[in-house]
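A short write-up of the structure that comes next.
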Amino acid sequence: YVVELARALSMMPGVYRVDLLTRQISSPDVDWSYGEPTEMLCSGSYDVDGHGGGESSGAYIIRIPCGPRDKYIPKELLWPYIQEFVDGALGHILNMSKVLGDQAGKGDPVWPYVIHGHYADAGDSAALLSGALNVPMVLTGHSLGRNKLEQLLKQGRQSKEDINATYKIMRRIEAEELSLD
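Per the numbering used here, residue 3 is the first one in the sequence shown, and the count goes up by one each step.
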C-alpha cells in the first residue's frame, strides 16, 4: 500500500514528484526489479508550478545501494546499514532538488515538503534526513517496539535478551523514539 499511496499522492494538485526510497537488492531471492535503480510508478499530472505534468513529474521507486546488494536482509538486521542508506538518499535528494529547480527555470533547488518514514528503520532514516535537510517528517508504524516487547515478554517464551537478539528490539525502540520525537 506504500506504492499505492505514492501513486495517489503524485496525482494530487500541488504535488509534482513523489520518490519512494528503498534499498537496492540484486539477488535471486527477490524479483529482478529490486536491482533496478529507478522504477517509474506513474507519470504525474502537475509540474513544479502546478501546471500540466513535467518531464520528472510522477511517482518513482528509487533504490539506494547500501549493505550487501547480493542478498535480501530482513528488516531486523538492517540497522548497521541505516547511515549508508541515509547518505545515499541524501545524495539522491540533493541531486533531484537541483534537477527540479532547473526544470522549473528557477535556478534554486526545489526541496521536498516532507519526508515520510514507514516502519522503524525507515523512521530512523527519515528522522536523519529530516534533520539534515530541515524538512518535516512523518512516521507510519505497523506497531511499536515497546508494545511488541511487552507482549513477547508476557508470552513467557523468551527472555528480554533473547527477544533483543532475535528482533533487535532495543535498536527498534531507539529508532522509533527518535522518529516520534
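All residues carry an ideal CB built from backbone N, CA and C; glycine is no exception.
- The Cβ neighbour count for Ser-181, taken over all protein chains shown within 10 Å, is at least 16; the residue is labelled buried.
- In this structure, Ala-91 keeps its C-beta atom at 8 Å or more from the C-beta atom of Leu-43.
- In the DSSP assignment, His-120 is bridged to Thr-142.
- For the pair Ser-59 and Ser-45, the CB atoms are nearer than the 8 Å cut-off.
- Along the length of the stretch 31 to 106, whole alpha helix (DSSP H) runs at least 4 residues long occupy 84 to 105, reported in chain order.
- Short of 6 Å from the beta carbon of Met-172, and not among the five residues preceding or following it, lie these beta carbons of its own chain, in chain order: Asn-166.
- In the three-state scheme derived from DSSP, where H, G and I count as helix and E and B as strand, Arg-159 is classed as coil.
- Burial is judged here by how many other beta carbons sit within 10 angstroms of a residue's own beta carbon; Pro-114 has at least 16 and is buried.
- For Val-20, the uninterrupted beta strand (DSSP E) segment begins and ends at 19 to 25.
- Cβ neighbours of Glu-178 within its own chain (closer than 7 Å, five residues either side excluded): Ala-122, Gly-125, Gly-143, Leu-146 and Gly-147.
- Relative to the Cα of His-118, the nearest Cα in the group Gly-16, Glu-38 and Leu-22 belongs to Leu-22.
- DSSP places Val-112 in no alpha helix (DSSP H); its state is neither H nor E.
- Apart from the 5 residues on each side of it in sequence, Pro-39 sits with its Cβ closer than 6 Å to the Cβ of Arg-65 in its chain, given in chain order.
- Judged by DSSP in its simplified three-state form, Tyr-169 adopts helix.
- In the DSSP assignment, Val-137 falls outside any alpha helix (DSSP H), carrying neither H nor E.
- Exposed is the label assigned to Val-32, since fewer than 16 other Cβ atoms lie within 10 Å of its Cβ.
- Here Ala-128 is buried: its Cβ has 16 or more other Cβ atoms, across all protein chains shown, within 10 Å.
- Spanning the alpha carbons of Pro-67 and Ala-106 requires a straight line of approximately 28 Å.
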